[in-house]
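Count along the sequence shown starting at 1, add 38, and that's the number in our numbering.
Glycine included, each C-beta is placed from N, C-alpha and C at the ideal position.
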Amino acid sequence: MFQMNLIKNLKTSYEIVLSNDKKLLCHLMGGKTVIFDTKTWEKVIELKKPNNPSHLHFSQNDEMLYIKNTVGTFCVYNTKDFQLIKTIKSGKSFQIVEGNFALLDNPFTILDVLKINDKKQVCTLNIETGIYQVLTELEGSHIEFNQFVPNDNSYLFTLYYLKEINGDHYSRQKLVKVKNPLTEPSYSFVSSLELQNWDLVYFEPVHQVYIFVHKDYELTIMDANLKNILRKEHLLDKGIKKFKKKFASEIEDDLYELQKILDENENEYFVHIAASYDGNYIVLTSSDRVYILGFEDLAPIHIEELEYACFAEFSKDDTYFLVGTWTKGFVFENNLKGVKL
Numbered sequence: 039m040f041q042m043n044l045i046k047n048l049k050t051s052y053e054i055v056l057s058n059d060k061k062l063l064c065h066l067m068g069g070k071t072v073i074f075d076t077k078t079w080e081k082v083i084e085l086k087k088p089n090n091p092s093h094l095h096f097s098q099n100d101e102m103l104y105i106k107n108t109v110g111t112f113c114v115y116n117t118k119d120f121q122l123i124k125t126i127k128s129g130k131s132f133q134i135v136e137g138n139f140a141l142l143d144n145p146f147t148i149l150d151v152l153k154i155n156d157k158k159q160v161c162t163l164n165i166e167t168g169i170y171q172v173l174t175e176l177e178g179s180h181i182e183f184n185q186f187v188p189n190d191n192s193y194l195f196t197l198y199y200l201k202e203i204n205g206d207h208y209s210r211q212k213l214v215k216v217k218n219p220l221t222e223p224s225y226s227f228v229s230s231l232e233l234q235n236w237d238l239v240y241f242e243p244v245h246q247v248y249i250f251v252h253k254d255y256e257l258t259i260m261d262a263n264l265k266n267i268l269r270k271e272h273l274l275d276k277g278i279k280k281f282k283k284k285f286a287s288e289i290e291d292d293l294y295e296l297q298k299i300l301d302e303n304e305n306e307y308f309v310h311i312a313a314s315y316d317g318n319y320i321v322l323t324s325s326d327r328v329y330i331l332g333f334e335d336l337a338p339i340h341i342e343e344l345e346y347a348c349f350a351e352f353s354k355d356d357t358y359f360l361v362g363t364w365t366k367g368f369v370f371e372n373n374l375k376g377v378k379l
């Protein structure tokens, strides 16, 4: 698979995360978080709280592990003996919204989306005290944290909202950047953005570009200021088919069956995007497949059909390639490290 050496088979893996020192590997299952020692690949512990974990982050010094679940609970563990040291849940004054979050420099302080008085806003939240600060005044149906953007020291969010056109309502998106959340918080909308209706957005720090992924298999690359479109590429022009390869040769003469499979695979959707640490590769995860693309020409290096794929990333130094699905997960030794395209 991926023409890489398989190091570890995992069970259900909605997300797979390495500690910063690469000594620990965590993967999220439906009811627990499982942690392995990467030296021996033996299981260290299973953390039952919170149930239904969805996202996790190690603190910068790896001394604490923050786990968020799908229904508004955070648990914080120390990584010395994995004792639970802090828990916070949604309450009457705020609700913790499902989605990814960012750790901030202050201990036990996160940047996240909270629902307050029936409106979702970007907020700082101290898990220890329960004190939060609202940083935005946004109008929309959903806000999603994308990532920290190092080139301008900002946190990137996508705001989803409905726009009325001739009596009909259409889903639209805006990019929002939040800066200095702990000191002098401010936020701004990205202006002059010539795009709409993207599925995923990702800032690639090596080349300092933004990559947008669209439902129609199109990728748009914009400059670091989000002012100019540098490239537009269509994955279908790179030889990628909408239907699974293994069926194509079997039914190429049966036009009815071919169209049936084509129609079924119209439902393929993209769920995750990342890049290799060296910037040479982009990895796209869809509901049916995992794609590794060369950055320079966006041509496929490897495509693997994986049912219910939901996560794929290179580790921070490109040592490992991590892949998760609703039913299983994989840790590969990345043999693309250092390979020049």
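Do you know whose CA, among the options, lies nearest residue i's CA?
i           : options               : result
residue 123 : 112, 131, 80 and 230  : 112
residue 57  : 97, 374 and 42        : 97
residue 270 : 277, 280, 251 and 279 : 251
residue 225 : 201, 159, 347 and 70  : 159
residue 125 : 328, 114 and 60       : 114
residue 108 : 121, 128 and 362      : 128
residue 192 : 241, 354, 326 and 347 : 241
residue 52  : 94, 130 and 46        : 94
residue 340 : 318, 329 and 348      : 329
residue 173 : 239, 214 and 200      : 214
residue 220 : 278, 206, 147 and 232 : 147
residue 218 : 100, 362, 105 and 187 : 187
residue 246 : 229, 161, 265 and 230 : 265
residue 236 : 170, 185 and 307      : 307
residue 106 : 67, 100, 196 and 79   : 67
residue 327 : 60, 77 and 342        : 342
residue 179 : 198, 171 and 273      : 198
residue 222 : 162, 276, 312 and 243 : 162
residue 138 : 184, 84 and 118       : 184
residue 194 : 72, 353, 238 and 267  : 238
residue 267 : 355, 274, 233 and 357 : 233
residue 380 : 181, 277 and 153      : Residue 380 falls outside the range modelled here, since the chain spans only 39 to 379, and no answer is possible.
residue 42  : 367, 362, 365 and 358 : 358
residue 171 : 313, 190, 262 and 132 : 132
residue 85  : 74, 44 and 39         : 74
Tell me, which residues are paired with residue i by DSSP?
i           : result
residue 102 : 116
residue 157 : 154
residue 75  : 62 and 80
residue 271 : 257
residue 383 : Here the chain covers residues 39 to 379 and nothing more, so residue 383 does not appear.
residue 250 : 239 and 258
residue 91  : 107
residue 312 : 321
residue 208 : 201
residue 358 : 371
residue 147 : 164
residue 141 : 148
residue 96  : 103
residue 133 : 153
Could you have a look at residue i and say whether DSSP puts it in helix, strand or coil?
i           : result
residue 363 : strand
residue 86  : coil
residue 46  : strand
residue 276 : helix
residue 305 : helix
residue 39  : coil
Taking the beta strand (DSSP E) that residue i falls in, what are its first and last residues?
i           : result
residue 165 : Run containing residue 165: none; DSSP gives neither H nor E here.
residue 185 : 180-187
residue 324 : 319-324
residue 329 : 327-332
residue 201 : 192-203
residue 55  : 54-56
residue 347 : 347-352
residue 174 : Unbroken run through residue 174: none, as it is neither H nor E.
residue 125 : 122-127
residue 340 : 338-343
Establish whether the CB of residue i and some CB of chain D are separated by less than 8 Å.
i           : result
residue 220 : The displayed structure is made up of one protein chain only, and chain D is not part of it.
Practice problem: Taking 8 Å as the threshold, find out whether the segment 154-166 comes into contact with the segment 198-212 through three or more Cβ pairs. | Solution: With fewer than three CB-CB distances shorter than 8 Å, the segment 154-166 does not count as touching the segment 198-212.
Practice problem: Check whether the segment 82-90 touches the segment 138-155, counting contact only when three or more Cβ pairs, one atom from each stretch, lie closer than 8 Å. | Solution: Too few Cβ pairs lie closer than 8 Å, so no.
Practice problem: Determine, using beta-carbon pairs with one atom in the segment 257-276 and one in the segment 336-350, whether at least three such pairs fall under 8 Å. | Solution: Because the criterion of three Cβ pairs below 8 Å is met, the segment 257-276 and the segment 336-350 touch.
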